[in-house]
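Residue numbers (the numbering used here): 3 to 729.
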């Protein structure tokens with residue numbers, strides 16, 4: 003066999019709809035009394051009705067459960083990586099914790115075959131094709147960053163037994179195999195674009211590739227399905243807004259046979275069951291399935307239920323009796339099993355009440371709270387929940403699924419939230435669906451009292467008084483400028499840095515502006531965006547950490563009082579992995595990395611973060627999670643250093659994931675390596691190590707919050723973890 007494009011960019015992520023929890027005590031994890039974990043709602047991977055099994059990912063494990071008893075049949079540890087387990091007809095592909103890609107039998111969890119191709123390494127994406135056990139692996143050379151889709155890639159198509167594979171021509175992939183599994187239909191993207199160029203076929207018995215026809219429409223999204231073994235294909239086309247159209251075309255020439263009658267204009271997909279003379283459609287909101295008779299065009303079944311969304315069409319499976327089955331996710335995260343071609347009631351597979359829902363990881367934790375989004379069809383909810391007991395402090399009513407909203411920043415009281423909706427900044431009051439402020443631009447910062455917002459427009463940053471809805475101050479930026487900003491804790495001051503300049507605005511009266519001056523022109527370096535600008539509690543001084551040095555400014559006079567120089571050197575946080583013919587070779591380190599094992603001379607000044615400690619008489623700088631350095635604020639003298647002892651070891655993507663997160667008052671720091679599960683909790687005021695860990699719960703971390711009393715909250719691939727000093 004030799005080797006062939008599917009629309010991998012069109013893979014639909016499994017639904018991440020959230021559940022509301024009663025408290026942290028519901029699920030415990032581990033034997034240590036100071037760890038408490040509320041697990042994520044498990045993710046659905048696949049179902050096999052004939053084997054009577056369904057599969058869920060819980061934390062770092064893939065588990066197979068019996069459909070009748072819901073008891074666990076088998077479990078395997080998986081790796082926290084970009085590859086996600088994928089299911090076929092009877093097989094499931096799993097990135098295991100030992101770094102291997104293993105294909106297992108669904109019914110028993112036993113290994114069927116293992117991917118071993120040293121020439122290509124691990125793939126970037128994988129999927130089983132349709133309702134078969136043919137597995138396609140994609141190795142990406144180049145992405146279209148605007149669309150987030152691969153435009154240069156190589157695919158391998160593995161046979162169900164794993165003993166042979168086809169290497170498809172460059173930039174070719176498949177998402178359709180004929181019902182008799184003799185032919186795979188390939189599509190090819192035009193050079194360095196995501197647009198489809200041509201269709202060909204691959205004979206799965208001989209490996210012969212036969213050109214079929216050119217794709218002349220820019221609106222063609224690809225092959226939706228094959229109606230019969232070799233005669234006709236269903237092609238999908240983009241229409242206005244989110245509307246789709248489907249047409250039956252001749253598989254040899256691409257000539258139109260006839261358009262397909264649709265149950266509605268906005269659809270999320272189509273699937274063909276030629277042996278049953280039926281088409282299955284999913285609505286664009288994934289809340290309705292229609293089964294249509296291809297002869298009469300009549301809808302024989304329509305399946306929907308309030309608050310339910312179906313998983314992607316690839317999750318619809320046919321059993322040996324010809325019945326169609328699928329899974330829905332309820333708005334609270336519970337999973338339900340449906341028979342599509344019957345009017346029976348769905349059966350619950352998973353009760354979500356003891357889990358925490360998805361929809362948290364994209365937003366930082368603010369003021370001891372996390373933000374929890376629940377997307378709805380008409381309206382969506384954004385909940386503010388306390389980290390310590392998960393009680394709901396506030397909820398905002400936002401637009402539904404059709405409208406995208408991002409970057410939510412709440413006020414300290416959680417009474418207001420600033421966010422971005424369609425390139426507009428809007429402020430919502432708790433419980434209200436109408437915004438109190440609407441302005442063009444993207445949100446940058448929101449004052450703790452919720453009265454002032456900093457918004458970036460095309461070539462300027464503006465400060466807006468929310469209650470009055472007016473711009474009170476404006477600063478010119480170049481078109482691609484990005485302002486880094488921080489409010490004082492009492493919301494009276496705002497510091498803004500961009501283009502090597504720092505300004506402090508007093509948020510009262512005439513909004514006077516004070517320029518802060520660096521001591522030397524050459525010292526006007528980059529100021530860290532994350533954990534960067536920081537005021538003392540009395541608002542008299544400002545800390546500005548940069549690369550290898552930090553500056554302490556007098557807010558009243560604008561003068562630089564002290565320059566703190568960090569002499570320690572570290573490897574860059576990211577280094578591109580060398581590759582040959584699109585094959586990554588992660589074990590080939592750069593010369594800098596190699597030399598860095600012997601001397602710091604080839605290492606670089608670290609990017610610093612920082613915070614004042616307690617009353618502001620001391621401060622701490624954070625050097626890329628590797629070193630915490632405590633300084634005397636008045637004298638600028640070093641007080642102590644705290645080595646986090648985290649390894650400077652790159653992962654396969656070239657990253658060193660060492661991080662240290664400070665509490666708002668600067669008194670505690672939690673340092674961890676995201677890849678290796680190594681972590682420590684430090685008392686910054688004394689330099690003492692309070693806890694050390696080697697634990698999976700410190701891997702795959704999305705967000706971290708360290709409270710002023712040293713309590714640590716981690717949101718990771720397992721769930722929401724609380725690390726307490728109080729046994």
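Cβ atoms here follow ideal geometry from the backbone N, Cα and C, with glycine treated the same way.
Which residue marks the beginning of the beta strand (DSSP E) containing residue i, and which one marks its end?
{"i": "residue 374", "result": "371-376"}
{"i": "residue 453", "result": "Segment: none, residue 453 is in no beta strand (DSSP E) and carries neither H nor E."}
{"i": "residue 294", "result": "291-295"}
{"i": "residue 426", "result": "426-431"}
{"i": "residue 339", "result": "337-341"}
{"i": "residue 647", "result": "Residue 647 -> no beta strand (DSSP E), and no H or E assigned at all."}
{"i": "residue 262", "result": "Here residue 262 belongs to no beta strand (DSSP E), and DSSP marks it neither H nor E."}
{"i": "residue 91", "result": "Unbroken run through residue 91: none, as it is neither H nor E."}
{"i": "residue 41", "result": "37-41"}
{"i": "residue 277", "result": "Taken as a continuous stretch (DSSP letters only), residue 277 belongs to no beta strand (DSSP E), as it is neither H nor E."}
{"i": "residue 708", "result": "703-708"}
Apart from the five residues just before and just after residue i, which ones in its own chain have a Cβ nearer than 6 Å to its Cβ?
{"i": "residue 306", "result": "289, 290"}
{"i": "residue 713", "result": "726"}
{"i": "residue 493", "result": "449, 450, 451"}
{"i": "residue 671", "result": "630, 662, 664, 684, 686"}
{"i": "residue 201", "result": "189, 214, 215"}
{"i": "residue 233", "result": "253"}
{"i": "residue 464", "result": "457, 473, 476"}
{"i": "residue 211", "result": "202, 204"}
{"i": "residue 730", "result": "Nothing can be reported for residue 730, as the shown portion of the chain is limited to 3 through 729."}
{"i": "residue 76", "result": "66, 111"}
{"i": "residue 563", "result": "554, 556"}
To the nearest angstrom, how far is it from the Cα of residue i to the Cα of residue j?
{"i": "residue 249", "j": "residue 466", "result": "51 Å"}
{"i": "residue 32", "j": "residue 46", "result": "With a pLDDT of 37 at residue 32, under the threshold of 50, the modelled position of this residue cannot be trusted, and the question is left open."}
{"i": "residue 223", "j": "residue 237", "result": "8 Å"}
{"i": "residue 338", "j": "residue 350", "result": "4 Å"}
{"i": "residue 622", "j": "residue 498", "result": "21 Å"}
{"i": "residue 637", "j": "residue 388", "result": "39 Å"}
{"i": "residue 635", "j": "residue 129", "result": "56 Å"}
{"i": "residue 340", "j": "residue 348", "result": "5 Å"}
{"i": "residue 121", "j": "residue 695", "result": "37 Å"}
{"i": "residue 495", "j": "residue 566", "result": "23 Å"}
{"i": "residue 282", "j": "residue 161", "result": "27 Å"}
{"i": "residue 105", "j": "residue 115", "result": "5 Å"}
{"i": "residue 93", "j": "residue 68", "result": "16 Å"}
{"i": "residue 255", "j": "residue 185", "result": "16 Å"}
{"i": "residue 170", "j": "residue 459", "result": "46 Å"}
{"i": "residue 651", "j": "residue 521", "result": "36 Å"}
{"i": "residue 543", "j": "residue 461", "result": "29 Å"}
{"i": "residue 517", "j": "residue 414", "result": "27 Å"}
{"i": "residue 209", "j": "residue 168", "result": "7 Å"}
{"i": "residue 507", "j": "residue 513", "result": "6 Å"}
{"i": "residue 261", "j": "residue 157", "result": "31 Å"}
{"i": "residue 23", "j": "residue 724", "result": "Any reading at residue 23 must be qualified, since the residue scores a pLDDT of 31, below 50, and its modelled position is unreliable; the value itself is stated next. Each residue's alpha carbon lies about 15 Å from the other."}
{"i": "residue 330", "j": "residue 176", "result": "26 Å"}
{"i": "residue 616", "j": "residue 334", "result": "41 Å"}
{"i": "residue 490", "j": "residue 61", "result": "38 Å"}
{"i": "residue 645", "j": "residue 625", "result": "10 Å"}
Residue i and residue j look like a contact to me (Cβ under 8 Å); what is the Cβ gap, rounded to whole Å?
{"i": "residue 661", "j": "residue 674", "result": "6 Å"}
{"i": "residue 326", "j": "residue 342", "result": "4 Å"}
{"i": "residue 64", "j": "residue 80", "result": "5 Å"}
{"i": "residue 611", "j": "residue 534", "result": "7 Å"}
{"i": "residue 198", "j": "residue 228", "result": "About 16 Å; that fails the 8 Å criterion."}
{"i": "residue 132", "j": "residue 178", "result": "7 Å"}
{"i": "residue 181", "j": "residue 277", "result": "7 Å"}
Please work out which residues of its chain come closer than 7 Å, Cβ to Cβ, to residue i, disregarding the five sequence neighbours upstream and downstream, and give them in chain order.
{"i": "residue 29", "result": "Any reading at residue 29 must be qualified, since the residue scores a pLDDT of 35, below 50, and its modelled position is unreliable; no value is offered."}
{"i": "residue 431", "result": "417, 418, 438"}
{"i": "residue 468", "result": "429, 438, 439, 452, 453, 454, 455"}
{"i": "residue 422", "result": "407, 408, 409, 444, 445"}
{"i": "residue 641", "result": "620, 632, 633, 634"}
{"i": "residue 245", "result": "267, 268"}
Here's a check: name, in chain order, each residue in its chain whose Cβ is nearer than 8 Å to the Cβ of residue i, leaving out the five neighbours to either side.
{"i": "residue 371", "result": "386, 387, 388, 389, 395, 412, 416"}
{"i": "residue 135", "result": "90, 91, 92, 93, 162"}
{"i": "residue 108", "result": "48, 50, 53, 55, 57, 66, 89, 92, 93, 94"}
(message) Contact between the stretch 697-704 and the stretch 639-655 is defined here as three or more beta-carbon pairs at a separation below 8 Å; is this criterion met?
(response) no
(request) May I ask you to verify whether the stretch 473-482 touches the stretch 387-400, counting CB pairs closer than 8 Å and requiring at least 3? (result) No, the stretch 473-482 does not touch the stretch 387-400.
(message) Does the stretch 380-396 come into contact with the stretch 63-83, if we say contact requires no fewer than three beta-carbon pairs (one atom in each stretch) closer than 8 Å?
(response) no
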